[in-house]
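This report refers to the structure that appears directly beneath it.
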Amino acid sequence: MNELARVIVASVTHKVLLLTFFLTPTTTLWDTSSTLLIDSNPSIVESLKARLLTWDSVYYTSTALRGVEFEHEYAFSKYWSLFIRACSPRASIIDLAVTAAVISLIAHTTALATLYIIAKRWNIANPNLCVLTYALSPAGIFLVNGYPESLFALLSFLGVYCFYTDTATGFVVSGLCFGLATIFRSNGLLWGILFAVHVIFESINLLRGLRIAKRLKKLAALFVGGSITGSGFVYTQWNAYTQLCPGHDFCDNRIPSVYLFIQTKYWSNGFLQYWTPNNIPNFILAIPSLILLCFSANFLIRRRKYALACVHIVMFIGALFFWNVQIITRISSCLPGMYLYLAYIYPKTSGKVWIAYSAIWSVIQAALYGAFMPPA
């Protein structure tokens, strides 16, 4: 077995252990509302599987079973729910939850291999370390329990790989990957930054008269790829708009986005809206990931990956000032630049400290998540 295979096996083992720790009923659920979705007298096996119905997975599986029913459910990708439903052997809520977990584990494993290929292409000295840092990501249990994070990361890694082939075909294919990613998670729209930054660079080179035919071809491909990326977000919002408007509160907003409306109404998203004393623990939990975003952005800038660094910077600003800050530990898991940086600094003490932190935090997180307790 080669070294990559050993790392992947270790990663899968780690995730299975997290799931086992999470599923074992050693704690009392802080919120038991999800038990209303299952039979009153389930078997032991069914009870264990039912523990997968925790936090957002409740919404994903519920909408997979019956469609979107309440307005706040538009914040959760119905396309991820439809994908779960299409792959599930049976249309029961427990089977849907199990199917979602299996899909997540498969996507996570495939993402590991994709990240290895990126690291090799970018001449990272030890690509296996890069894979290991993703395997021990602070996203932890969210990568294997019915959330779209793993599939989103896989599509993001594929998109980044294709984009940095620096060819017209690569730009278009990466747009397809990012467009699909955006259907499953709306923050995939941030990948449009790659195209925007490179349009600026190519336009400058075009004005300088450098290889005009090649620049025009690249610009056309960048516009196509960027448009496909944006279309993933526009399609999901337009679909919701046609179902809810006219007659809904958000329909007459300057930007009639159901996602922005719901995030503001139910999750207090908005500039400094999350900056309240009761959220101080969430900011503390997010500090390691926020610091990593900054240092990895600097690493990418030094390697002249300016567009990818911009994605890191925008995500940092969004998490710190606009979003529920604690989610940065999982939504940043799609950024290959973080793991490339961690592999680069691993020989230093700071790299080893991060590995230790990630390993310890993932276990604590699985326990809290299994008890239906924050952060999530």
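So that you can map any letter, position 78 of the sequence shown is 78 in full-length UniProt numbering, and since no number is skipped, the others follow by simple counting.
The beta carbon of each residue, even a glycine, is placed where N, CA and C say it ideally should be.
Remember, it's a predicted structure, so these values are computed and weren't measured experimentally.
When DSSP states are grouped into helix, strand and coil, residue 124 belongs to the coil group. For a cut-off of 8 Å, the C-beta gap from residue 163 to residue 171 is around 6 Å, short enough to register as a contact.
Closest in alpha carbon position to residue 371, among 135, 22 and 104, is 22. The alpha carbon of residue 322 has as its nearest neighbour, out of 283, 258 and 336, the alpha carbon of 283.
With a threshold of 16 other beta carbon atoms within 10 Å, residue 2 falls short and is exposed. Note on geometry: alpha-carbon atoms of residue 93 and residue 52 lie some 10 Å from one another. One thing to note: residue 63 has its Cβ no nearer than 8 Å to the Cβ of residue 71. Straight across, the Cα-Cα distance linking residue 149 with residue 188 is about 11 Å. Bounds of any alpha helix (DSSP H) do not take in residue 72, whose DSSP letter is neither H nor E.
In the three-state scheme derived from DSSP, where H, G and I count as helix and E and B as strand, residue 185 is classed as coil.
CA-CA distance, residue 219 to residue 362, rounds to 42 Å.
The continuous alpha helix (DSSP H) containing residue 281 extends over residues 280-302.
Collapsing the DSSP output to three states places residue 51 in coil. The region 188-204 and the region 237-256 do not touch, with fewer than three beta-carbon pairs separated by less than 8 Å.
Rounded to whole angstroms, residue 136 and residue 345 show a C-alpha spacing of 16 Å.
Contact annotation, residue 292 with residue 319: C-beta distance approximately 12 Å; criterion of less than 8 Å not satisfied. The C-alpha of residue 222 lies about 42 Å from the C-alpha of residue 364. When the five nearest sequence neighbours on each side are left out, the beta carbons in the same chain lying within less than 7 Å of the beta carbon of residue 316 are those of 290, 293 and 294, in order along the chain. Residue 61 and residue 84 have their alpha carbons spaced roughly 8 Å apart. In this structure, residue 153 lies away from residue 101, with their beta-carbon atoms at least 8 Å apart. At least 8 Å separates the beta-carbon of residue 131 from that of residue 147. Look at residue 348 here: in three-state DSSP terms it is coil, with no helix or strand label. Counting C-beta atoms within 10 angstroms of its own C-beta, residue 109 has 16 or more neighbours from the protein chains shown and is therefore classed as buried. For residue 139, the secondary structure class from DSSP, reduced to helix, strand or coil, is coil. Separation of residue 114 and residue 158 (C-alpha to C-alpha, rounded to the nearest whole angstrom) is 7 Å.
Going by DSSP, residue 372 is part of no alpha helix (DSSP H) at all; its letter is neither H nor E. The criterion of a C-beta distance shorter than 8 Å is not satisfied by residue 118 and residue 175. The closest CA to that of residue 160, considering only 245, 18 and 225, is found on 225. In the three-state DSSP reduction, residue 161 falls in the helix class (H, G or I). CA-to-CA, the gap between residue 308 and residue 120 works out to about 17 Å.
Rounded to whole angstroms, the Cβ separation of residue 190 and residue 311 is 5 Å, and the two are in contact under 8 Å. Between residue 259 and residue 125, the beta carbon gap of about 40 Å keeps them out of contact (Cβ cut-off 8 Å).
The C-alpha of residue 77 lies about 22 Å from the C-alpha of residue 246.
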